[in-house]
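Quick note on numbering that gives the first Met the number 0: the sequence shown kicks off at 0 and runs consecutively.
To keep things clear, I will list the structure first and then write my remarks on it.
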Amino acid sequence: MTTPDARERREYYRITDRIALQISPADGVPGETAPLFALLSELHQLEFESRHLLRNLDERDRAVTACLRLVHKRLDLLGQAFTWNLLHDSGATRDVVLSEGGLAFVDAEPYALGTRLDLRMALPPQGLGLQVLAEVTGCQAVSGGYEIGTSFIDLEDAQRQLLARHVLRQQARVRRADRGEEA
0 MTTPDARERR EYYRITDRIA LQISPADGVP GETAPLFALL SELHQLEFES RHLLRNLDER
60 DRAVTACLRL VHKRLDLLGQ AFTWNLLHDS GATRDVVLSE GGLAFVDAEP YALGTRLDLR
120 MALPPQGLGL QVLAEVTGCQ AVSGGYEIGT SFIDLEDAQR QLLARHVLRQ QARVRRADRG
180 EEA
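Structural data, given as structure tokens:
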């Protein structure tokens, strides 16, 4: 028999975050991506794919690795600038609960269970932009609208890793803030 604690356990760690979120109904495939959003997503995918190459290079040539790390840092700064533009274009940010497995948010409109949504997320401050397909798993009336729970569908491994890294960074930032350290 399953205990209440076992039912409440989650597969992924969840955080409360403030992100830019664009929501649109999906017909099973992600919609057309805005050029700036696509560029930002591609930057992060390439960074993820090149990590193991950089680790291997570090063992052979530390000077080249140091130079590539500086170039990477410059690209991160450009990504952050793109994110701020994307945040401006996306409108107001909103509070969400985010994990590698899904997203919960409050919206003015209810969504039927099983509805597929195309979600575009801009996650500051790292400049992470993701477009994912999600399915509505919960919809409950709350003050100010409806609390919508979603589960990501067919998330690529690179996207899951980027989300995991964002969640861990935000968790560490909150812990530092709780201890009174600078973030």
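Glycine is no exception: its CB is placed at the ideal position from the N, C-alpha and C atoms.
Every unbroken alpha helix (DSSP H) inside the segment 110 to 172 [4 residues or more]: Within the segment 110 to 172, no complete alpha helix (DSSP H) run reaches 4 residues.
Arg-183 (DSSP reduced to helix, strand or coil): Residue 183 lies beyond the range of the chain shown here (0 to 182); nothing can be said about it.
Inter-residue Cα distance where the pair is Leu-42 and Tyr-12: Rounded to the nearest angstrom, the gap between the Cα atoms of Leu-42 and Tyr-12 is 25 Å.
CA-CA distance, Ser-150 and Ser-23? Approximately 15 Å, taken between the alpha carbons.
Is it buried or exposed for Ser-142, if we count other Cβ within 10 angstroms and need 16 for buried? With fewer than 16 other Cβ atoms within 10 Å, it is exposed.
Let me make sure I understand the geometry here. Which of Arg-68, Gln-160, Asn-84 has the alpha-carbon closest to that of Pro-123? Ranking the options by Cα distance to Pro-123, first place goes to Asn-84.
In the DSSP assignment, what are the bridge partners of Gln-21? Per DSSP, Arg-119.
Nonlocal neighbours in the same chain, by C-beta distance under 6 Å from Ala-163, ignoring five residues either side: Once the five neighbours on either side are set aside, the close Cβ partners of Ala-163 are Glu-99.
What is the DSSP secondary structure of Asp-60, counted as helix, strand or coil? DSSP, reduced to helix, strand and coil, places Asp-60 outside both helices and strands of the structure shown, so it counts as coil.
Where Arg-68 falls, given that 16 or more other Cβ within 10 Å makes a residue buried: Around the beta carbon of Arg-68, a 10 Å sphere encloses fewer than 16 other beta carbons of the protein chains shown; the residue is thus reported as exposed.
Using a Cβ-Cβ cut-off of 6 Å (strictly less than) and excluding sequence neighbours within five positions of Pro-29, which residues of its own chain qualify? Any answer about Pro-29 is weak, because its pLDDT of 49 lies below 50 and its placement is not dependable; what the coordinates show is given next. If we look at Pro-29 and ignore the five residues flanking it on each side, its Cβ neighbours are Asp-117, Gln-130, Leu-132.
Determine, using beta-carbon pairs with one atom in the segment 144 to 159 and one in the segment 100 to 116, whether at least three such pairs fall under 8 Å. Touching, yes.
Taking C-beta to C-beta, are Leu-52 and Met-120 nearer than 8 Å? For Leu-52 and Met-120, no; Cβs fall outside 8 Å.
Cα-Cα, which of Ala-25, Gln-44, Leu-38 is closest to Glu-155? The closest CA to that of Glu-155, considering only Ala-25, Gln-44, Leu-38, is found on Gln-44.
Identify, in the order they occur along the chain, each residue of the same chain with its Cβ nearer than 7 Å to the Cβ of Gln-139, setting aside the five sequence neighbours on each side. Cβ within range, chain order: Tyr-145, Glu-146.
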